[in-house]
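Colleague: In terms of full-length UniProt numbering, the sequence shown is residues 1 to 55. Cβ atoms here follow ideal geometry from the backbone N, Cα and C, with glycine treated the same way.
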Amino acid sequence: MTEYALYKADELLIIGTVDKLAEFQKVKRETILFYATPTYQKRTTDKGLRVIRVV
Numbered sequence: 001m002t003e004y005a006l007y008k009a010d011e012l013l014i015i016g017t018v019d020k021l022a023e024f025q026k027v028k029r030e031t032i033l034f035y036a037t038p039t040y041q042k043r044t045t046d047k048g049l050r051v052i053r054v055v
């Protein structure tokens with residue numbers, strides 16, 4: 001099972017599955033997956049939310 005880390009700026013908010021992060025943020029699963037894309041990172045500043053896949 002793949003785990004992801006959710007950051008806001010430099011602060012780690014939560015580590016877990018896509019479903020767990022979606023529940024934490026109260027958004028759809030697809031939204032969390034979009035947060036992990038290069039497109040989302042280009043559209044937002046470094047102070048926004050970031051989702052990183054944990055290996």
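K20 lies in the beta strand (DSSP E); which residues open and close that run?
Modeller: No beta strand (DSSP E) holds K20; the alpha helix (DSSP H) holding it covers V18 to Q25.
Colleague: Could you tell me how far apart the beta carbons of Y7 and L13 are, in whole angstroms, since I believe they sit closer than 8 Å?
Modeller: Confirmed, Cβ separation roughly 6 Å.
Colleague: Does any residue of chain C bring its CB to less than 8 Å from the CB of T44?
Modeller: No chain C appears in the structure shown, which is made up of a single protein chain.
Colleague: Does the beta-carbon distance from I32 to V55 come in below 8 Å?
Modeller: no
Colleague: Tell me the rounded alpha-carbon separation between E30 and T39.
Modeller: 14 Å
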